[in-house]
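In what follows, a structure is listed as structure tokens, so that the remarks can point back to it.
Residue numbers (my numbering): 28 to 316.
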């Protein structure tokens with residue numbers, strides 16, 4: 028009887044210990060979005076991106092010129108696959124790019140006076156860009172990883188379109204690709220515009236994009252909102268002046284020549300990204316199948 032009492036007391040103590048441990052375990056707060064170790068709270072995300080590219084086209088046989096560049100726009104969609112510190116994305120963008128180049132040359136008006144001959148050429152066109160950024164995230168740089176710095180590199184393909192939608196001189200214009208030449212010579216001012224044909228088979232471009240940015244994670248009740256801001260340099264790899272059948276480049280800008288025209292741009296981009304959560308199903312879902 029005494030042995031039975033001892034066994035019963037031990038069993039009760041063991042049961043009480045288990046209950047206390049279980050209660051303490053269930054009293055722990057559930058894992059929140061802030062505690063999620065995943066970079067974007069999900070393996071996959073989808074989002075919208077807008078940007079402001081500043082683009083130029085350099086021509087190797089021009090000297091003593093000023094490249095003012097073209098300030099354009101871009102907008103598109105992105106999907107991204109996240110890993111522990113890396114991500115792989117696919118982006119499609121509709122953009123407006125171009126270039127602006129000018130030069131000045133002094134000339135003598137009289138024995139004591141000089142004048143300035145000024146020339147400016149402007150080109151604007153729309154294009155579709157496809158890129159695949161590979162990003163590396165510096166987790167732990169800031170407290171709780173509310174903001175995460177990252178670096179990225181991406182190959183990019185640009186396909187020019189046969190029209191140009193842009194804001195110029197305070198108004199919106201839409202039409203064919205436009206090349207404008209402005210000349211000032213003394214009191215003489217002349218501005219000539221003409222349409223150019225953009226053939227993507229001849230003037231498509233490939234480039235390499237590299238940059239850095241910040242990712243901010245904002246948890247919500249149901250999911251999260253992720254903001255990404257970055258700046259990048261896009262270096263054009265192809266020579267756009269390779270076609271010489273008409274004595275000039277396929278873009279038809281500036282001076283005919285047999286050297287090289289390359290397109291580059293510096294851009295700033297802002298993206299709003301949403302995690303794609305896998306739908307959770309309870310046991311009843313599988314029993315009903």
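Even for Gly, the Cβ is constructed at its ideal location relative to N, Cα and C. Computed from a prediction, not measured in an experiment: that's the story for all the values here.
| Near residue 129, what residues of its chain come up, given a Cβ to Cβ distance below 6 Å and the 5 sequence neighbours on each side ignored? | 93 and 147
| Got a sec? Which residues, its chain only, sit under 6 Å from residue 117 by beta carbon, not counting five neighbours each side? | 106 and 159
| task | Give the range of the beta strand (DSSP E) segment to which residue 124 is assigned. | result | 113-135
| message | In the DSSP output, which residue or residues are listed as bridge partners for residue 92? | response | Answer by DSSP bridge pairing: none, since residue 92 is not bridged.
| When you compare only the Cα positions, how much space is there between residue 237 and residue 289? | 17 Å
| What are the partner residues of residue 206, as DSSP defines its beta bridges? | 150 and 221
| message | Is it buried or exposed, residue 156, if we count other Cβ atoms within 10 angstroms and call 16 or more buried? | response | buried
| message | Which of the three DSSP states is assigned to residue 185 in this structure? | response | strand
| Helix, strand or coil at residue 298 [DSSP, three-state] | strand
| said: Counting only C-beta atoms, is residue 171 closer than 9 Å to chain B at any point? | reply: No chain B is present in this structure, which holds just one protein chain.
| said: Is residue 124 close to the ligand FAD? I mean its beta-carbon at under 8 Å from any heavy atom of the ligand. | reply: Absence of the ligand FAD from the depicted structure is noted, as is the absence of any ligand whatsoever, leaving it without description.
| Cβ atoms of residue 125 and residue 163: under 9 Å apart, would you say? | no
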